[in-house]
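Engineer:
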Amino acid sequence: MASVHESLYFNPMLTNGVVHANVFGVRDWVTPHKMALLVLLSELGRAGAQLGLLERRRLNRLLLPLLQGPDMALSRLRKAIEECCPHLAGSVHIRLKLMAEGELKDMEQFFDDLSDSFSGTEPEVHKTSVVGLFLRHMILAYNKLSFSQVYKLYTALQQYFQKDEKKNGADESEMELTNPEELDGKMEKEELDGPLREEEIACSGPLSQKQAEYFLSQQASLLKNDETKALAPASLQKELNNLLKFNPDFAEAHYLSYLNSLRVQDVFSSTHSLLHYFDRLILTGAESKSNGDEGYGRSLRYAALNLAALHCRFGHYQQAELALQEAIRIAQESNDHVCLQHCLSWLYILEQKIFDSCVLLEHSVNKSLHFGLPYLASLGIQSLVQQRAFAGKAANKLMDALKDSDLLHWKHSLSELIDISIAQKTAIWRLYGRSTMALQQAQTLLSMNSLEAVNVGVQQNNTESFAVVLCHLAELHAEQGYFAAASEILKHLKERFPPNSQHAQLWMLFDQKIQFERAMNDGRYHVADSLVAGITALNSIEGVYRKAIVLKAQNQMSEAHKLLQKLLIHCQKIKNTEMVISVLLSIAELYWRSSCHTIALPVLLQALALAREYSLQYLASETVLNLAFSQLILGIPEQALNILHMAIEPVLAHGAVLDKGCAMFLVAKCQVASAASYTPQKKIEALESAILNLNEAKTYFAKVDCKEQLRDVLYFQARLFHTLGKTQERNKCAMLFRQLHQELPAHGVPLINAFK
Numbered sequence: 112m113a114s115v116h117e118s119l120y121f122n123p124m125l126t127n128g129v130v131h132a133n134v135f136g137v138r139d140w141v142t143p144h145k146m147a148l149l150v151l152l153s154e155l156g157r158a159g160a161q162l163g164l165l166e167r168r169r170l171n172r173l174l175l176p177l178l179q180g181p182d183m184a185l186s187r188l189r190k191a192i193e194e195c196c197p198h199l200a201g202s203v204h205i206r207l208k209l210m211a212e213g214e215l216k217d218m219e220q221f222f223d224d225l226s227d228s229f230s231g232t233e234p235e236v237h238k239t240s241v242v243g244l245f246l247r248h249m250i251l252a253y254n255k256l257s258f259s260q261v262y263k264l265y266t267a268l269q270q271y272f273q274k275d276e277k278k279n280g281a282d283e284s285e286m287e288l289t290n291p292e293e294l295d296g297k298m299e300k301e302e303l304d305g306p307l308r309e310e311e312i313a314c315s316g317p318l319s320q321k322q323a324e325y326f327l328s329q330q331a332s333l334l335k336n337d338e339t340k341a342l343a344p345a346s347l348q349k350e351l352n353n354l355l356k357f358n359p360d361f362a363e364a365h366y367l368s369y370l371n372s373l374r375v376q377d378v379f380s381s382t383h384s385l386l387h388y389f390d391r392l393i394l395t396g397a398e399s400k401s402n403g404d405e406g407y408g409r410s411l412r413y414a415a416l417n418l419a420a421l422h423c424r425f426g427h428y429q430q431a432e433l434a435l436q437e438a439i440r441i442a443q444e445s446n447d448h449v450c451l452q453h454c455l456s457w458l459y460i461l462e463q464k465i466f467d468s469c470v471l472l473e474h475s476v477n478k479s480l481h482f483g484l485p486y487l488a489s490l491g492i493q494s495l496v497q498q499r500a501f502a503g504k505a506a507n508k509l510m511d512a513l514k515d516s517d518l519l520h521w522k523h524s525l526s527e528l529i530d531i532s533i534a535q536k537t538a539i540w541r542l543y544g545r546s547t548m549a550l551q552q553a554q555t556l557l558s559m560n561s562l563e564a565v566n567v568g569v570q571q572n573n574t575e576s577f578a579v580v581l582c583h584l585a586e587l588h589a590e591q592g593y594f595a596a597a598s599e600i601l602k603h604l605k606e607r608f609p610p611n612s613q614h615a616q617l618w619m620l621f622d623q624k625i626q627f628e629r630a631m632n633d634g635r636y637h638v639a640d641s642l643v644a645g646i647t648a649l650n651s652i653e654g655v656y657r658k659a660i661v662l663k664a665q666n667q668m669s670e671a672h673k674l675l676q677k678l679l680i681h682c683q684k685i686k687n688t689e690m691v692i693s694v695l696l697s698i699a700e701l702y703w704r705s706s707c708h709t710i711a712l713p714v715l716l717q718a719l720a721l722a723r724e725y726s727l728q729y730l731a732s733e734t735v736l737n738l739a740f741s742q743l744i745l746g747i748p749e750q751a752l753n754i755l756h757m758a759i760e761p762v763l764a765h766g767a768v769l770d771k772g773c774a775m776f777l778v779a780k781c782q783v784a785s786a787a788s789y790t791p792q793k794k795i796e797a798l799e800s801a802i803l804n805l806n807e808a809k810t811y812f813a814k815v816d817c818k819e820q821l822r823d824v825l826y827f828q829a830r831l832f833h834t835l836g837k838t839q840e841r842n843k844c845a846m847l848f849r850q851l852h853q854e855l856p857a858h859g860v861p862l863i864n865a866f867k
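Each residue of the sequence shown is one higher than the one before, counting from 112 in the numbering used here.
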């Protein structure tokens with residue numbers, strides 16, 4: 112199920128993906144890159160009507176990221192301008208060349224001429240526009256420079272230009288020595304690779320205030336909306352360290368460092384950065400300025416709350432509880448109801464690890480609604496629904512509760528919670544065994560457009576909800592035998608959530624599980640056994656269960672039974688009902704294979720009682736199929752056929768292809784066993800009906816490439832055709848059986864003693 116509490120982290124930097132930073136003591140200054148931008152603006156004003164409408168529109172779109180972004184190499188700037196207007200790029204280059212190869216007075220004259228842009232009744236640039244503010248800031252910054260600083264700026268401009276000239280000279284010599292075809296391929300590769308992010312933000316000195324704000328805003332937005340487009344964790348940390356080297360009291364840079372450390376699950380660095388963030392926030396007085404006398408206390412209580420959230424995320428529940436108690440104490444002293452509601456939500460999460468605290472959660476929802484906190488109220492409803500789903504409440508009641516939370520989402524435009532709600536519905540339908548409904552909800556979420564405004568080229572929904580839904584979609588396709596489609600979905604997941612991203616473990620687990628099922632279906636138990644270690648690393652319960660399945664398939668019954676008994680006790684302790692039922696079914700199968708058929712019945716009845724109590728319809732149907740098989744073994748096939756009709760419909764409607772094949776195979780076995788007491792004519796009809804069911808089972812098994820089951824079906828069909836005197840069909844089935852039998856090792860267990 113989707114984790115609905117990830118968004119409870121108090122994030123003072125992010126409001127719709129925008130960082131509200133205040134870099135104390137850092138101002139704008141003139142750099143060679145900014146001088147190149149000033150030349151571009153000057154040439155743009157000179158060009159006037161000569162520029163076409165399309166070119167002017169492209170340049171206007173280019174200007175904003177250039178003005179806000181960090182300094183870049185002249186070659187990259189010129190290339191960006193050439194893509195919009197080649198003629199203007201040439202003019203900018205010539206103007207910079209004259210200034211760099213001229214004298215100092217040429218640069219002085221250039222800045223004097225910039226002021227003319229604001230003169231006249233109809234000035235080229237309005238003073239309050241984005242370009243006007245940039246020009247005024249640069250003119251003021253230049254006028255404040257001393258003579259020595261002006262000379263240093265001029266020297267830096269010369270070096271900036273000469274570096275570009277040297278690079279162009281090297282590129283030209285390389286072009287002469289390189290084959291034209293190879294050069295085309297290289298240029299194509301460079302275009303496809305796109306700009307180097309580290310190069311974009313590399314600069315000779317510290318970032319200015321606006322550049323730092325833009326950089327932090329951009330990276331925080333990318334971490335929230337599309338982590339793949341953000342800088343790699345190591346590169347981002349390097350740039351943040353460079354930023355903090357020039358301004359150690361930059362609080363928001365410490366917070367972005369905290370978010371970056373969370374990406375790679377670095378406990379020490381994330382704790383260190385979080386504490387530094389709140390220390391700097393208090394020392395600089397930012398909170399006191401915005402919140403009066405309460406600012407200092409507010410920082411302390413939210414620092415404790417964030418520390419509790421951090422410890423909870425890494426599983427340090429005792430430390431989290433201590434930090435949470437501190438946050439509650441400070442919030443109570445300050446009468447901060449909003450902070451107390453956040454604390455109450457986290458208190459529920461911590462106590463959930465020990466016991467079910469439904470009352471606490473309901474109280475949290477009511478209080479959040481009372482204080483006008485729809486986000487927290489909705490998260491509480493989502494958690495309540497998740498808890499009730501595990502407790503076995505009816506699906507219609509849960510969907511009604513989710514409908515009420517959806518009204519809150521749409522009313523307050525909480526797009527992230529809309530996604531979580533749909534992912535939650537997908538997971539609930541999967542839990543209850545309604546794969547068709549789960550598929551519908553998954554498709555609904557994937558076809559939705561985000562309500563949040565994000566930059567062009569950024570994936571709108573790279574959140575945990577989408578990772579959960581895509582994983583379910585991959586598993587649903589694999590269950591129906593569409594392994595190619597499942598591989599494509601997993602490939603998309605790997606691109607969208609790289610291995611170092613925080614949600615990568617979701618698709619890693621599903622990928623391993625799908626590979627495991629394919630290996631088991633194909634009879635490659637050694638391959639399946641090698642995958643168990645990977646599954647155990649991601650989910651210990653799933654790993655132990657699958658290890659027992661492999662041992663059972665390899666006829667190591669005693670080892671499998673010991674493992675399943677230990678797993679059963681553990682799952683009962685942590686109240687994982689779904690896994691408890693699956694373990695009970697596996698234990699029953701072990702009893703069949705050991706010819707202890709009567710001992711298997713109480714185990715199956717216990718599993719059926721649990722499945723019905725917790726409304727797990729699909730598991731209940733599977734348990735009934737196992738009971739029918741037990742009755743067949745015990746010699747009452749008529750009774751087995753009667754109860755099969757109760758269970759087979761949900762399996763055929765919502766079940767996996769393998770389960771459908773097993774169900775049809777079991778129906779055929781029961782029909783053949785029942786036909787022993789029929790009249791000759793009726794017996795022939797029953798056997799022909801069984802052959803049709805076996806054909807259907809064979810189709811299902813072939814779809815998932817389950818060779819062992821196919822071999823058993825062919826053997827059964829050959830026997831039936833022999834009984835009916837159909838020699839040609841019998842020989843065909845016998846030939847196919849022999850081919851599979853030579854390919855696969857014999858399992859050494861009588862055919863009738865295995866349901867799956």
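Don't be surprised by glycine CBs; every beta carbon is placed ideally from N, CA and C.
Keep in mind it's a predicted model, so treat the numbers as computed, not measured.
Can you check the region 464-543 for any alpha helix (DSSP H) of at least 4 residues that lies completely inside it and give the ranges in chain order?
Structural biologist: Fully enclosed alpha helix (DSSP H) runs of 4 or longer: 469-481, 485-501, 506-523 and 526-542.
Engineer: What does the Cβ neighbour count give for Y366, buried or exposed, with the cut at 16 atoms within 10 Å?
Structural biologist: Looking at its Cβ environment, which holds 16 or more other Cβ atoms inside 10 Å, Y366 is buried.
Engineer: By the three-class DSSP mapping on this structure, what secondary structure does H852 have?
Structural biologist: Of the three classes helix, strand and coil, the one that applies to H852 here is helix, per DSSP.
Engineer: S346 and Y77 - do their beta-carbons sit closer together than 8 Å?
Structural biologist: In the structure as shown, the chain starts at 112 and stops at 867, and residue 77 therefore has no counterpart that could be examined.
Engineer: In its own chain, which residues sit with a C-beta less than 7 Å from the C-beta of Y378, not counting the 5 before and 5 after it?
Structural biologist: Looking at the sequence shown, residue 378 is not Tyr but Val. So the qualifying residues of the chain are F425.
Engineer: Whole beta strand (DSSP E) runs in the region 671-751 with 3 or more residues, listed along the chain?
Structural biologist: You should have found no qualifying run.
Engineer: For E789, is the classification buried or exposed, using 16 other Cβ atoms within 10 angstroms of its Cβ as the cut-off for buried?
Structural biologist: It is Tyr, not Glu, that sits at residue 789 in the sequence shown. With fewer than 16 Cβ atoms within 10 Å of its Cβ, Y789 is classed as exposed.
Engineer: Helix, strand or coil for W140, going by three-state DSSP, please let me know.
Structural biologist: In this structure, W140 counts as coil in the three-state DSSP scheme.
Engineer: In three-state terms, what does DSSP make of E193?
Structural biologist: Looking at E193 - three-state DSSP - the assignment turns out to be helix.
Engineer: How long is the line joining the alpha carbons of Q322 and L556, rounded to whole angstroms?
Structural biologist: About 36 Å.
Engineer: In terms of residue numbering, what span does the alpha helix (DSSP H) encompassing Q828 cover?
Structural biologist: From DSSP, the alpha helix (DSSP H) with Q828 extends over K818 to L835.
Engineer: Check whether the Cβ atoms of W618 and A664 sit closer than 8 Å, and answer yes or no.
Structural biologist: It is not a contact, given that the beta carbons lie outside the stated cut-off.
Engineer: Given a cut-off of 8 Å on the beta-carbon distance, is the pair A488 and L525 in contact?
Structural biologist: Cβ atoms of A488 and L525: not closer than 8 Å.
Engineer: In chain order, what are the residue ranges of uninterrupted alpha helix (DSSP H) at least 4 long that sit wholly in the region 605-633?
Structural biologist: The region 605-633 contains these whole alpha helix (DSSP H) runs: 615-632.
Engineer: For the candidate residues A718, H681 and K684, whose alpha-carbon lies nearest to that of L695?
Structural biologist: Considering only alpha carbons, the answer is A718.
Engineer: State the start and end residues of the unbroken alpha helix (DSSP H) segment that holds A362.
Structural biologist: A362 to R374 is the extent of the alpha helix (DSSP H) around A362.
Engineer: Tell me which same chain residues have a C-beta within less than 7 Å of the C-beta of Q493, skipping the five on either side of it?
Structural biologist: Cβ within range, chain order: V115, S516, I531, S532 and Q535.
Engineer: Using the C-alpha atoms, what's the distance from L798 back to Q853?
Structural biologist: Distance between the alpha carbons of Q853 and L798: 28 Å.
Engineer: Alpha carbon to alpha carbon, what distance is there between L738 and E724?
Structural biologist: Each residue's alpha carbon lies about 17 Å from the other.
Engineer: Given a cut-off of 8 Å, decide if E670 and L662 are closer than it, judged by their beta-carbon atoms.
Structural biologist: In this structure, E670 lies closer than 8 Å to L662 by Cβ.
Engineer: Flag this pair as yes or no: are the beta carbons of A91 and L207 separated by less than 8 Å?
Structural biologist: Here the chain has residues from 112 to 867 only, and residue 91 is not among them.
Engineer: Put F425 into one of helix, strand or coil per three-state DSSP.
Structural biologist: Coil at F425, not helix or strand.
Engineer: Please classify S257: does DSSP put it in a helix, a strand, or coil?
Structural biologist: S257: coil per DSSP, three-state reduction.
Engineer: Starting from F357, trace the alpha helix (DSSP H) in both directions and tell me its first and last residue.
Structural biologist: Run containing F357: P344 to F357, per the alpha helix (DSSP H) assignment.
Engineer: In whole angstroms, what is the alpha-carbon distance linking E700 and F627?
Structural biologist: Their backbone Cα atoms lie some 20 Å apart in a straight line.
Engineer: With respect to the alpha helix (DSSP H) encompassing Q554, which residues constitute its N-terminal and C-terminal limits?
Structural biologist: Note, Q554: alpha helix (DSSP H), S546 to L557.
Engineer: Check whether the region 474-485 touches the region 497-513, taking contact to mean three or more Cβ pairs, one atom from each stretch, closer than 8 Å.
Structural biologist: No, the region 474-485 is not in contact with the region 497-513.
Engineer: Alpha carbon to alpha carbon, how far is M690 from L451?
Structural biologist: In a straight line, the C-alpha of M690 is about 36 Å away from that of L451.
Engineer: If you measure between the beta carbons of D103 and R391, is that distance less than 8 Å?
Structural biologist: The first residue shown for the chain is 112 and the last is 867, placing residue 103 beyond what the model contains.
Engineer: Consult DSSP for A341 and reduce its assignment to one of helix, strand or coil.
Structural biologist: Note: A341 maps to coil in three-state DSSP.
Engineer: Please list the terminal residues of the continuous alpha helix (DSSP H) segment that includes H588.
Structural biologist: Counting along the chain, the alpha helix (DSSP H) containing H588 begins and ends at E575 to E590.
Engineer: Buried or exposed: which applies to C707, given that a residue is buried once 16 or more other Cβ atoms fall within 10 Å of its Cβ?
Structural biologist: Label assigned to C707: exposed.
Engineer: Using the Cβ count rule (16 or more neighbours within 10 Å means buried), how would you classify I680?
Structural biologist: So I680 ends up on the exposed side.
Engineer: How is Y789 classed by DSSP in three states: helix, strand or coil?
Structural biologist: In this structure, Y789 counts as coil in the three-state DSSP scheme.
Engineer: With H, G and I counted as helix, E and B as strand and the rest as coil, what does DSSP make of N666?
Structural biologist: In the structure shown, N666 sits in coil (DSSP, three-state: anything other than H, G, I, E or B).
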